[in-house]
Amino acid sequence: MPVKLLNNETPRFIRLRKSAADRGFTLVEVLIAIGILAVVIVGLLQLFIYCSTLAEAAGNTTLAINEAQNKMEEIRGHDFSTVAVDYASGGTPGNTFTLTNLTGTGTVTISQFGGSSSLLQTQINVNWQNKNGRSLSTALTGLIAER
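Going by our numbering, the sequence shown opens with residue 7, and the numbers climb by one from there.
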């Protein structure tokens with residue numbers, strides 16, 4: 007039989023139970039939410055670091071290709087009759103060059119293309135090191151015709 011006061015009210019100590027709408031989070035729910043947030047944040051940080059590494063690698067590759075293109079344009083502007091000798095080993099400016107925006111070097115190789123004396127194949131290899139010391143390279147090949 008429920009306890010009733012003289013005025014037919016339920017005693018206060020019995021009415022302490024709150025409705026479902028008035029209840030807050032339990033400690034277990036808060037700890038689970040913190041755990042899920044921690045896992046998500048760690049995953050996002052790893053993704054951010056990976057994307058930063060890829061962006062740097064793409065930037066370095068772009069710089070290396072630009073260096074090779076600049077050297078190719080320099081060779082195209084050179085006198086065609088002396089380009090093979092001047093860009094050979096021991097020539098001036100020679101077959102090697104130092105990169106200006108990266109730590110590395112480039113190598114120029116010029117040869118006749120298809121047995122034609124009026125067409126030269128130019129290959130430019132660029133080698134550089136990333137910030138971790140890993141050696142990377144790219145190459146650019148083109149043809150130069152006598153004008």
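Quick reminder that beta carbons are idealized off the backbone N, C-alpha and C, glycines included.
Rank the options by C-alpha distance to the C-alpha of residue i and give the top, closest one.
| i | options | result |
| --- | --- | --- |
| ILE130 | SER123, ASN136, THR111, GLY120 | THR111 |
| ASN101 | VAL36, SER117, LEU60 | SER117 |
| HIS84 | ASN13, ASN14, ARG153 | ARG153 |
| ASN138 | THR144, THR59, VAL34 | THR59 |
| SER123 | THR88, ALA39, ILE38 | THR88 |
Would residue i and residue j be called neighbours here (beta carbons separated by less than 8 Å)?
| i | j | result |
| --- | --- | --- |
| ALA90 | LEU146 | no |
| ALA151 | LEU125 | yes |
| VAL132 | ALA70 | yes |
| ILE81 | THR115 | no |
Roughly how far, in whole angstroms, is the beta-carbon of residue i from the beta-carbon of residue j, given that I think they are within contact range, below 8 Å?
| i | j | result |
| --- | --- | --- |
| ASN76 | LEU108 | Contact doesn't hold; Cβ gap of about 13 Å is too wide. |
| LEU149 | PHE119 | 6 Å |
| GLN135 | SER141 | 6 Å |
Which partner residues of residue i appear in the DSSP bridge assignment?
| i | result |
| --- | --- |
| SER123 | For SER123, which the question treats as bridged, DSSP gives no partner whatsoever. |
| THR113 | THR102, ASN131 |
| THR32 | According to DSSP, which records beta bridges pairwise, THR32 is partnered with nothing at all. |
| LEU149 | GLN127 |
- Query: Residue ranges of each alpha helix (DSSP H) run of no fewer than 4 residues wholly in the stretch 47-92, ordered along the chain?
  - Reply: Runs found: 86-92.
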